[in-house]
Every structure is written in structure tokens, then in C-alpha cells.
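For reference, the structure discussed in these notes is given below.
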Amino acid sequence: MAYKNEAQVFPSSINTLTIGIGDKAIAFGGENVLPLYTFDAPIEHRPKIGVAISDMGYIKGVPGIEKFYAGAENVIEMAKLAANMPGADFLVLCLDSANPNNGDKSIEECVDLVKKVLEAVDIPVAVEGCKNIEKDSRLLEKVAEAAQEGSDKNILILSAHEENYKAVATAAALAYGQNVTAESAVDINLAKQLNVLINVLGISPEKMMMNLGSAAAGYGFEYIASTIERVKMAALAQDDAMLKMPIITPVSSETWAVKESLASQEDYPEWGSAEARGVNMEVSTAAACLAAGSNAVILAHPDSVKTISELIDNLM
Amino acid sequence: MALKGLDIFKLTPKTNCKDCGSATCMAFSMKVAQGAVELSKCPHLSEEALAALGDATAPPMAKIALCTTCNMALGGETVLFRHEKTFVSKNLYAVSVCADCFDEKITEIKKIDYDRLGERMYVELLNLRYDRHEDKSADGKSYIELVKRSVDHNRAIILECDDPSVARAALEVCAQSQGTEPKAILNGANAENYDAMSKLATEFDAVLGVSGKNLNELYDTVSALEKLGNKNLVLDVGCVSVKDAFAGAVQIRRAALKDKNRTFGYPTLVNVGKLAPDNEYMQTALASVFTLKYGSIIVMENMTYPQALPLYGLRQNIFTDPQKPMKVEPGIYPLNGADENSICVTTVDFALTYFVVTGELERSGVPMNLLISDAGGFSVLTAWAAGKLSASSLAKFIKEHDVESKIKNRTLFIPGKVAVLKGEIEEALPGWTIIVAPGEAIESVKFFKELKV
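If you read the protein sequences in the order shown, they are chains B and R.
According to the numbering used here, the stretch in the first sequence is residues 3 to 318, in order.
According to the numbering used here, the stretch in the second sequence is residues 991 to 1443, in order.
Next comes the structure, spelled out in C-alpha cells:
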């Protein structure tokens, strides 16, 4: 008896979400097969890579990153460089300096920067808040407003949490027509609950992405992998409309903050180059996220972006 | 045909003798039905019962033991996703060595040998490739020399060799040096030579690696090998392209576990070194993908420390038992060059908490003694709720680990999440100053940096 592949093509599919405008727009999701299973059915929208830059500058002390941004005198110039990074699909601007414990920059200043960055780059943009629940609920509203003004930039807002989803999601998706990410803490039930709550506000699931949490390889990554895998299964096999949003996973913010990436070579001579450790950590975590089911990963180092982009090319 | 536990139970002796390791015959039968235990664990089954049950209860994927003493095994999986049930055998890593690069590589390979949460992290196998066209000695002599140099390094050997006469000489070297354990893997059977290779592998008790031009050919060759009675196999997913290798690894595992197609019920081998030659980062990316998706042996060109750190960490995560929390050993962990005069900080033994907390504490640069007490492997709040983290558990730890004679400092920082315990701990530990640290690890960098004690 000859072998025949029993293709697993599901009757339902992941939602498709488009960000950006014109011929530079990109789409996430849409697949009706398990992650990267192109041998079961074609995957129309390949997983995407977002390049993260912070309004406080790039990650310091990593030669490859410093070299890439050499000469950029401000965040707008950095954004232009990041947008042209080989393999980059979209730009992620993190407004870290708005955090009350980290500079407490005013909302006006932040929004002004967002406007300038949106004008400066032509690839799609995601804007992330400062991870302070209270500040973000005010900040992200103004960011969404700025993105709609003039010619609508159709951006992605990160993120609406359990504590501030009403303000963030309503402003981003209802009032100003942008797209919103629902962020929950590594649990399929919490993820679904937040999606339902946001949906009750009148926001279409088609305007949403999910961030199910993130961790670096070795740091409880099994929770991330299993949550993503379970959510994908629920979306595809059980047609759960409240779990069918494409998944976005920040990787660099985790992987460049662990000891494996931070420890200096002087302290750990046998570990070898700190930069090689950081890139391997970022690449390994991102590849594992894609294998689990992320539709987009957020990265920082040019070598990681290049490698993961080629990995996706090879698998599609 | 899948059998129900009850069908199996009817054929057991029903004596509840426990010789199989299960509490009752019924419990044993249920486990066999799930594929969790092999029928052969029961020594009292009659010939007729074995014949009746044999094929129907065989696990969907063969488990291939490479080394019983060093606990190295491949396959034996019963589920496709780790949230369904625990994965059984973690993937193993091999590095390719060659005659010209042997000394350099073996030195690098041996540098990777460390403990992470009680698990030894090292390169378990060496992959030795024989290429007739590159064979300068033309009779395999240089390859046999390479085998001789490789067998002395406490690593299992993969002989990537499809020439039966060279393979025989190589297997003889392995048998002489390593005996029967760990078993060698003879990766060289294909549609043309499988008969001869299978005989060789059987003679030397080696695991046979099988490859094919595509999945259909691989499937047919495996069927033919099974007809010859060889079920000690590893399936090479090939190196035509990344896409094909990934499709192969997924389809082989899925056919075995989801579609109950036993012909593909074997562990796989993926050579990411060949899929992305000279590209360290891409090999790391591919090894990570195949850790999640069904590579049993992953062959790399190299294993540098920067690659090992994420890859072994990822593997440890993916192959943990979802029902068993990862724990660190209770004890005193000096951080940032702490000595007996440095402050004490405590948290629970849940591995994730430990890693996150030590990472942040190390970033603070403040010398401190981290006291990890036995909290059942729970996180701070769960341990507290379960009574595993309390004033008395901390007092017991400090007594049992003789903390007061090892450390002179009497300031102890407790997790912010259990600030409520401060009063009780002060009572339980006379002479100590108890201070509440922040509730989130990330806030502790600033907290300890600005601390004046």
C-alpha cells in the first residue's frame, strides 16, 4: 500500500487582518491549515516580521545593531533605517519614554513623534504603548487619532489589556478605525475572555490581533508554545470565532533581556560572543513561535530579521 | 484496530500482582489501551492472549532505546501536541565531524557540557559522513580512521554511510570500542541497498537509518524492511530542501499518531547542517522548528555555546511534563559575588520564577544570597495559597540549611506578593529584619540598586 498524505485542511480559517495602505499594505493570517503546513494547503499570507525600535533608542552595546543605526541622530532617522532593514515587513514603534517610571514624556510629544514617523516611512506601522496601563489608555487613544488624521495610515495598536481594553480598543478600532491587539497572559481562557469583552464593545474580530504572551527560549517557553497551539486548534478545528484572530508575538523584548544575551564575555568567557548569544536566542525563540503558530514576530537585530525572513521564504 | 481497556482486561490474569508496575490489572489495561505502557510489561499473559492483543496494542510509534544506562531513547510518542499529554523522548543533538576537522570540533563539542535544572546538556551524538567520491583512500580507510578517533569520546555514533563493506568495517570498530551501548546508528539504507544494510544493522545490533528520494519511496523501503523483520529504524527526512524536510518530519509523525499508520511509526533524523551549510543562525532557527515539530535527532554542523544556550533551554521547556512543575534545588545561591555579609533574598523553587528573579537580581549588580526554599515547585502566590510558602516553611529551611552559621547578615527580603507574611516571618525568625521586596521581578533591579542597607 502506497503512502498518501492525509492533508489536514480545516473548514474554518484564521481571520485576515490588513495593516498599512496602498501597495505597501500587508496581511496577517487567513490560513486554514496548521502553522507552516503548506503541504496541506497553500498559505496565502506568510508570517510577517516587525522590526522594533524604541523612542528611547536602539538596544545598546550590541555591535550589529549599533552599526545598523550608525549615523541616525533621532528616532525618525532610526525608523527610516529600520523600515528598510532587509526582511522587515512592518515597523513597531515602542513609546517606552511615556512610562511614568521611565521619563514620563507627555502624550503630546509622543503623538508628535508618531506623526513624524508615520510620514517618514512607507511600510506599515504598529505603535506600542509604554506598558503602563493608565498612561497607555490615554496615550494610545491619541495615537489612533493621529493615525487616522489626514490620510488614514491603518496602523496596528499594541495593546489592549484586561484593565484598559475599553479605552484602548474603543478608541483604536471604533473611534479612529485603526486595528488593535488584545494582550493576555499566556492562557487560552483569558485570551478568549478578553476577545469577547472587546467584541461586546462592537469591535469586529476582523480588526483584531492577539498577543498571547511571550517568553525567551528556556524561560517557560512551553507555556507560550502550548497556549498558541491550543488557540490555533480551537480556531481551526472548533471554528471558535473568538479565537480566530491572527497572533503577534513580541520576541526581541524578551530575548534581549535574559542573562544569556546580557552577560558580558568577560564574566562568562566560555559562553563566547554576547552578540552571537543574543542573536541565537532571538532566532531560536522566533522560529519556535512561528512553528507554534505566530502569524507575526517582533524582532530587533538585523541578522535575526534576515535569518527569520529566509526561514519563512524556505518554508513557504 | 484500537482496543478498549476492558477488552485487554479480559485477557489479563486479574490477580492484581503489580508485577507490571501498575496497581491493578485494570489500571494496567487502561494504560496499554492508551499506548502508555507496553503489553510486554505483564509477565503473566498467555501466548494466546499475547497473540490476540499483540499488534492491536503496539504503541503507534516505536521507542528506540539507544542506551539504557545513560537513558537515551528516541520516539515512543503518543500525541502530536504537548498539551494533550507529555512528550516522551526529547530530541537529541548530533554534530557532524570529518577527518580534517575532527580535533577542532571535538574540542568545541566537549566545551558544551553543563547542568540546567538537573539535566545534563551536551552533544549526545557524533555524525560521521562517508562519501565515496571524496574518499581519498578509495577503500574507506580514512573513514575507518575517523570512526576509530570518534568512538572514544562517550558519544553515540551515527555512521552516515551507504556502502555496506565500509559500513561493516565501521560497525566492527564501534562494536569493539563501545560494545552494545550506546547503540550505533547506521544511517545509510535506501531503496537500492536496504537488504544488505538491514542484515548488517541486525548483525551488529545497530539502529538502521532509512532515507528515500521522497516520502513515497521512504515509505516503501520502510515497508520492505519491516517485512524483513527489522523494526529498529530511524527515518531520515532528507536534505532536498527545508520545505521538504519540514513536510517530511510533520507527515511522518502525523501519519503514525493521528492516522495510525505504523509504517511511519519511527523516530526521525533531520540534518540541519546540510539544509543550511555554513549558516549558524539558520541552523539554530531550523533546530528550533524541529524541536517543536517532530525531529528526533537533529544533526548540526557545529554546536557553539551561543547556539546551545537557547536550543537546550527550548528543548527542556518543550519536553517537560505539563503536569509536573520544573523545580530548582532548594539551597543558598550567592549572586553578584555575594559573601557571608551580603543581604538575603528569598523566593520559591519554581524554575520559571527562579530564572526570571535571578536574571533581574543579577542585573541589579548588588551582591546577595538568594535563598530558595522547597515550595513544591509552585509560583509565589500558588505556593503561599497551598501553604508551601509560609513563615514556618522559611524558618524550617533556614534551620535545615544552616543559614545562620553560613551567613552573618540578618536582613531578608521577601517577595512583594506575600507581603502579608512579614509579621509571621518576623516572629518565626527572631533576630532577622524582614523587608518586603517589589511584587514584580522586573521592578527589583531599581529597588535593589537604590537600596541602602
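Even glycine gets a Cβ: it sits at the ideal position worked out from N, Cα and C.
query: Listing by chain order, which chain B residues have their CB less than 7 Å from the CB of Met1111 of chain R?
result: Translated into the one-based positions of the second sequence, residue 1111 of chain R becomes position 121. What Met1111 of chain R touches in chain B: nothing, since even the nearest Cβ is about 10 Å away.
message: Less than 8 Å between the beta carbons of Gly215 of chain B and Ala174 of chain B, yes or no?
response: Position 213 of the first sequence, counted from the first residue, corresponds to residue 215 of chain B. Position 172 of the first sequence, counted from the first residue, corresponds to residue 174 of chain B. Not closer than 8 Å, so no.
query: Can you name, in chain order, every residue of its own chain whose Cβ lies under 8 Å from the Cβ of Arg1106 of chain R, other than the five neighbours on each side?
result: Position 116 of the second sequence, counted from the first residue, corresponds to residue 1106 of chain R. Result list for Arg1106 of chain R: Tyr1302, Gly1303 and Gln1306, in chain order.
task: Verify the CB distance criterion: does Met991 of chain R have a CB-CB separation below 8 Å to chain B?
output: Counted from its first residue, the second sequence places residue 991 of chain R at position 1. In this prediction, Met991 of chain R scores a pLDDT of 43, lower than 50, which makes its location untrustworthy; no coordinate-derived value is stated.
message: I'd like the ranges of any alpha helix (DSSP H) spanning at least 4 consecutive residues and lying wholly in the region 1000-1087 of chain R.
response: 1015-1024 and 1037-1047
- request: Could you spell out the range, first to last residue, of the alpha helix (DSSP H) harbouring Leu120 of chain B?
  value: Along the first sequence, read from residue 1 onward, the residue named residue 120 of chain B stands at position 118. Start and end: Ile109 to Ala122.
- request: Can you tell me which of B:Ala218, B:Asp25, B:Lys234 and B:Asp241 puts its alpha carbon nearest to the alpha carbon of His1073 of chain R?
  value: The residue labelled residue 1073 of chain R in the question sits at position 83 within the second sequence. Here the closest residue by C-alpha is B:Lys234.
Where the beta strand (DSSP E) containing Lys50 of chain B begins and where it ends: Reading the first sequence from its first residue, position 48 is the one you call residue 50 of chain B. Per DSSP, Lys50 of chain B belongs to the beta strand (DSSP E) from Lys50 to Ser56.
task: With a threshold of 16 other CB atoms inside 10 Å of the CB of Glu231 of chain B, please say whether the residue is buried or exposed.
output: For the purposes of this step, residue 231 of chain B is identified with residue 229 of the first sequence, where counting begins at 1. Buried, by the Cβ-count rule.
task: Out of B:Ala193, B:Val281 and B:Ala74, state which residue places its alpha-carbon closest to the alpha-carbon of Ile249 of chain B.
output: Taking the first residue of the first sequence as position 1, residue 249 of chain B is located at position 247. Minimum Cα distance to Ile249 of chain B is reached at B:Ala193.
- request: Could you name each continuous beta strand (DSSP E) segment of 3 residues or more that falls completely within the region 175-218 of chain B, going from the start of the chain to the end?
  value: 181-185 and 210-213
- prompt: Excluding the five sequence neighbours on either side, which residues of its own chain have a C-beta within less than 6 Å of the C-beta of Asp91 of chain B, listed in chain order?
  reply: The count along the first sequence starts at 1 and reaches residue 91 of chain B at position 89. Taken in chain order, the residues that qualify are Ile28, Lys50 and Ile51.
query: Using a beta-carbon distance below 8 Å, is Lys1000 of chain R in contact with chain B?
result: Here the question's residue 1000 of chain R lines up with position 10 in the second sequence. So, not an interface residue.
- request: Could you tell me the distance, in whole angstroms, from the CA atom of Glu1270 of chain R to the CA atom of Leu1371 of chain R?
  value: Position 280 of the second sequence, counted from the start, is the residue given in the question as residue 1270 of chain R. Position 381 of the second sequence, counted from the start, is the residue given in the question as residue 1371 of chain R. Looking at the two C-alpha atoms, the distance is approximately 41 Å.
- prompt: Interface residues of chain B around Ile1308 of chain R at Cβ under 7 Å?
  reply: As a first step, residue 1308 of chain R is located in the second sequence; it is residue number 318 there, counting from the start. The answer, in chain order, is Glu224 and Ala227.
message: Closer than 8 Å between beta carbons: that is the criterion. Which residues of the region 1127-1144 of chain R meet it against chain B?
response: none
Where Glu164 of chain B meets chain R, residues with beta-carbon distance less than 9 Å: The residue labelled residue 164 of chain B in the question sits at position 162 within the first sequence. Going along chain R, no residue has its Cβ under 9 Å from Glu164 of chain B, so there is no contact; the nearest lies around 16 Å.
task: Taking a Cβ distance cut-off of 8 Å, strictly less, list which residues of the region 1277-1298 of chain R are near chain B, in chain order.
output: Ala1277, Ser1278, Val1279, Thr1281, Leu1282, Lys1283, Thr1294, Tyr1295, Pro1296 and Gln1297
task: Using a Cβ cut-off of 8 Å (strictly closer), state whether Asn316 of chain B contacts chain R.
output: If you number the first sequence from 1, residue 316 of chain B lands on position 314. Chain R contact via Cβ: present.
query: How far does the alpha helix (DSSP H) with Ala298 of chain B in it reach, from first residue to last?
result: Against the first sequence, residue 298 of chain B aligns to sequence position 296. Taken as a continuous stretch (DSSP letters only), Ala298 of chain B belongs to no alpha helix (DSSP H), being part of the beta strand (DSSP E) at Ala298 to Leu301.
- prompt: Between which two residues does the alpha helix (DSSP H) containing Asn1307 of chain R stretch?
  reply: Translated into the one-based positions of the second sequence, residue 1307 of chain R becomes position 317. Where Asn1307 of chain R is concerned, the enclosing alpha helix (DSSP H) stretches over Tyr1295 to Ile1308.
Near-chain R residues of the region 73-104 of chain B (beta-carbon distance less than 9 Å), N- to C-terminal order: Asn103
- prompt: In angstroms, rounded to a whole number, what distance separates the CA positions of Glu1193 of chain R and Phe999 of chain R?
  reply: For the purposes of this step, residue 1193 of chain R is taken as residue 203 along the second sequence, with counting starting at 1. For the purposes of this step, residue 999 of chain R is taken as residue 9 along the second sequence, with counting starting at 1. Computed Cα separation, rounded: 37 Å.
message: Buried or exposed for Glu75 of chain B, going by 16 or more other Cβ atoms inside 10 Å?
response: Taking the first sequence and counting its residues from 1, the one referred to as residue 75 of chain B is at position 73. Classification of Glu75 of chain B: exposed, given that the 10 Å Cβ count is below 16.
- prompt: Taking all protein chains shown into account, do 16 or more other C-beta atoms lie within 10 angstroms of the C-beta of Cys132 of chain B, making it buried, or fewer, making it exposed?
  reply: By 1-based counting over the first sequence, the position of residue 132 of chain B is 130. The residue in question, Cys132 of chain B, is buried, as its Cβ has 16 or more Cβ neighbours within 10 Å.
task: Could you list which residues in chain B have their beta carbon closer than 7 Å to that of Asn1180 of chain R, in chain order?
output: Taking the second sequence and counting its residues from 1, the one referred to as residue 1180 of chain R is at position 190. None at all; the shortest Cβ gap to chain B is about 16 Å.
query: Out of curiosity, what's the CA-to-CA distance linking Gly1025 of chain R and Asn166 of chain B?
result: Locating residue 1025 of chain R in the second sequence gives position 35, counting from the first residue. Locating residue 166 of chain B in the first sequence gives position 164, counting from the first residue. Approximately 47 Å between the Cα atoms of the pair.
query: What is the DSSP secondary structure of Gly1169 of chain R, reduced to helix, strand or coil?
result: On the second sequence, position 179 is the one that residue 1169 of chain R refers to. Here Gly1169 of chain R sits in coil by DSSP.
message: When you compare the region 65-84 of chain B with the region 259-267 of chain B, are there three or more beta-carbon pairs, one atom per stretch, that lie closer than 8 Å?
response: no
query: Is the Cβ-Cβ distance between Cys1444 of chain R and Thr1059 of chain R less than 8 Å?
result: Residue 1444 of chain R lies beyond the stretch modelled for chain R, which goes from 991 to 1443, so this question has no answer here.
- prompt: For Pro1172 of chain R, which residues of its own chain have a beta-carbon under 7 Å away from its beta-carbon, when the five flanking residues on both sides are left out?
  reply: Here residue 1172 of chain R refers to the residue found at position 182 when the second sequence is read from its first residue. Counting only Cβ-Cβ distances below 7 Å, and skipping sequence neighbours, we find Leu1056, Cys1057, Cys1060, Met1062 and Ala1146.
field: Nearest candidate by alpha-carbon position, reference Ile23 of chain B, set B:Tyr39, B:Asp154 and B:Glu136
entry: Along the first sequence, one-based indexing puts residue 23 of chain B at 21. Selected option, being the one with the closest Cα: B:Asp154.
message: Give me the DSSP bridge partner(s) of Leu1223 of chain R.
response: In the second sequence, the residue the question calls residue 1223 of chain R occupies position 233. Bridge partners of Leu1223 of chain R: R:Leu1198.
Beta-bridge pairing of Asp1105 of chain R - partner residues as DSSP gives them: Against the second sequence, residue 1105 of chain R aligns to sequence position 115. R:Arg1110, per the DSSP bridge assignment.
message: In the DSSP output, what is Val1340 of chain R paired with across the bridge?
response: Start at 1 with the first residue of the second sequence, and residue 1340 of chain R comes out as number 350. The sequence shown places Phe at residue 1340 of chain R, not Val. Answer by DSSP bridge pairing, in chain order: R:Lys1317.
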